[in-house]
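Numbering (the numbering used here), first residue to last: 343 to 809.
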Amino acid sequence: MTSRRDFLETGGLGFGALALGDLLRHQSLADKPSSALPLAQRPPQLPGTARNVIFLFMQGGPSQLETFDPKPVMKKFDGKLLPKELQDYDLAQINTADATVMAPQFSFRKYGESGQEISSIFPRLAGHADKLAIIRSMHHELFIHGSAMIMMHSGTQLLGHPSVGAWVVYGLGCQSQNLPAYIAMTDGIFRNGASMYSSGFLPAVYQGTDMRIQGAPIQNLSRHKSISAGEQRRLLDQINAWNRQHRFARPGDSRLDARISNYELAFRMQSAAPELIDLSSETQKTQDLYGIGDGKSTDRYGKMCLMGRRMVERGVRYVQLICGGWDAHGDTRGNHNTQAEKVDQPIAGLISDLEQRGLLESTLLVWVGEFGRTPIKQGTNGRDHHPYGFSAFMAGGGIRGGKTIGATDDFGFAAVEDKVHVNDLHATMLGLMGIDHEELTYLFEGRYRRLTDVGGQNNLAARLVRA
């Protein structure tokens with residue numbers, strides 16, 4: 343008699359590792375009762391305004407002073423020592439007692455009826471000023487890229503915790519039957535690996551899927567050429583029968599639910615994933631809107647943003663689009679010019695496209711990096727890592743645009759008004775999705791855990807929702 347192991351080894355399923363972020367590898371599961379349909383769509387706890395999230399992560403740490411936080415007073419201090427009242431702060435690599443101020447490298451203008459002040463490096467995004475809720479008082483305490491990125495994606499610097507996207511999918515399930523509930527894309531590499539989209543101690547089925555914009559969208563997904571679709575379907579049915587039998591004997595092990603769900607999803611994705619990244623059905627006008635075209639600096643992130651819209655249309659709950667390269671230690675002006683050029687048109691195009699298709703009101707866009715930059719100079723004309731005060735913005739998802747929240751001091755050194763910690767940002771995101779961040783919990787190692795842990799007191803959701 344053929345054993346289950348022999349059958350899997352010789353069946354040629356062609357799923358490889360199922361390409362779903364190595365979901366079957368995870369062991370950190372709690373004893374919460376599992377469902378045979380762990381990704382089934384669930385109603386929100388609260389009357390949320392957003393159904394989907396597109397998280398625009400600017401990896402490396404964009405400077406608040408060159409993007410969304412103008413500081414005109416710094417011009418008269420340019421090249422001078424930092425005022426003594428700011429010299430007591432700890433910095434990553436600079437001695438504040440010897441530090442000289444570097445004024446913002448770009449001009450700011452007021453845009454829209456709201457008069458939102460936005461840097462000249464974002465001319466197209468500035469056209470949406472009245473749709474943006476700009477947060478100028480983001481803060482945390484971490485200086486290192488790795489720990490700060492983990493914090494921004496999971497609410498803590500500790501490894502092994504679920505990402506925001508995993509929590510959202512755990513709370514609301516998925517609207518799509520043929521694509522993952524949570525997809526992450528990057529224009530380079532995922533620093534910190536899968537921790538950027540990990541399910542952590544949540545069941546493995548909630549982990550994000552790493553998708554590529556060129557070639558095979560998901561590794562090891564294609565069916566082997568030696569097996570037909572019908573044969574593969576029969577093999578999968580037999581495997582699922584064994585898995586269900588195995589699960590019946592082990593009712594407390596939720597890994598089997600994840601395994602069955604992922605095999606089925608991988609089978610359906612063999613046709614859905616290639617169709618998702620095939621942009622040939624998009625008009626030239628739409629592709630131009632995103633800046634897509636060979637040789638254009640906007641091509642790569644433009645494709646990612648367009649695919650983000652296509653994912654939302656197809657019911658993907660949480661989309662993560664990462665743009666690396668913002669780490670401007672030596673030449674802030676040159677770096678941010680280049681980086682902004684890559685993302686300005688694609689993000690502006692995404693907002694316009696979502697609005698034209700009636701999707702902006704239900705799709706929450708969040709733009710942020712892992713921290714900001716120092717108001718003092720590093721090297722020739724660079725800025726160092728700086729978590730005490732930096733900027734983010736939100737758009738769509740039913741929020742009121744044309745609004746500025748919080749403030750930093752005159753030098754953009756630290757948040758001083760209406761401070762928004764990373765946990766507060768996460769609480770706000772969940773709130774807009776109709777999730778109470780204090781009620782979304784998971785029992786792990788004897789304690790009910792949540793994304794915001796004991797934080798999240800400054801939840802902006804109610805203040806941001808459109809009247």
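All residues carry an ideal CB built from backbone N, CA and C; glycine is no exception. Keep in mind the model is a prediction, meaning the values are calculated, not measured.
Q.
If contact is defined by three or more beta carbon pairs under 8 Å, each pair taking one atom from either stretch, is the stretch 485-504 in contact with the stretch 514-530?
A. no
Q. Run through DSSP, which three-state label would Tyr632 get?
A. coil
Q. Of all the options Pro404, Thr770, Leu474 and Asp420, which has the alpha carbon lying nearest to the alpha carbon of Glu455?
A. Leu474
Q: Would you check if the stretch 666-681 and the stretch 621-630 touch, i.e. whether three or more CB-CB distances between them fall below 8 Å?
A: no
Q: Name, in chain order, the residues that DSSP records as bridge partners for Leu706.
A: Val395 and Gly738
Q) With C-beta atoms as the reference, is Ser704 less than 8 Å away from Arg478? A) no
(Q) Buried or exposed for Pro389, going by 16 or more other Cβ atoms inside 10 Å? (A) exposed
(Q) Please classify Arg652 as buried or exposed, where buried requires at least 16 other C-beta atoms within 10 Å of its C-beta. (A) buried
Q. If Gly650 and Gln401 are in contact, beta carbons under 8 Å, what's the gap, nearest whole angstrom?
A. Contact flag wrong, Cβ pair sits at about 16 Å.
Q: Would you check if the distance between the CB atom of Ile463 and the CB atom of Ala682 is smaller than 8 Å?
A: yes
Q) Closest to Met771 by CA distance: which of Lys645, Gly740 and Arg791 is it? A) Gly740
Q: Give every residue of the same chain whose Cβ lies closer than 6 Å to the Cβ of Thr732, excluding the five residues on either side of it in the sequence, and list them in chain order.
A: The sequence shown places Phe at residue 732, not Thr. The residues are Gln406, Met480, Phe713 and Gly714.
(Q) Buried or exposed for Ser541, going by 16 or more other Cβ atoms inside 10 Å? (A) buried
Q. Cα-Cα, which of Gln687, Thr722 and Asp420 is closest to Gln629?
A. Gln687
Q.
On the criterion of 16 or more Cβ atoms from any shown chain inside 10 Å, does Tyr431 qualify as buried, or is it exposed?
A. exposed
Q) Using a Cβ-Cβ cut-off of 6 Å (strictly less than) and excluding sequence neighbours within five positions of Phe735, which residues of its own chain qualify? A) Leu474, Ile476 and Trp709
Q | Among Lys418, Val510, Leu648 and Thr722, nearest to Asp695 - alpha-carbon criterion | A | Leu648
Q.
Judging by CA-CA distance, which residue of Lys417, Ala445, Leu467 and Gln429 is the nearest neighbour of Tyr632?
A. Leu467
Q | 6 Å Cβ shell around Ala441 - same chain, five flanking residues per side excluded | A | Leu424 and Ile718
Q: Please name the residue, chosen from Gly667, Met775, Lys638 and Phe448, that lies closest to Pro404 on a Cα-to-Cα basis.
A: Gly667
Q. So, helix, strand or coil for Lys452, using DSSP?
A. strand
**Q.** Contacts around Ser370, its chain only, beta-carbon distance under 8 Å, and the 5 residues preceding and following it disregarded
**A.** Residue placement at Ser370 cannot be trusted, given a pLDDT of 32 that sits under 50; the coordinates are not used to answer.
**Q.** Sequence-distant residues of the same chain with beta carbon closer than 6 Å to Phe397, five excluded per side
**A.** Gln662 and Val708
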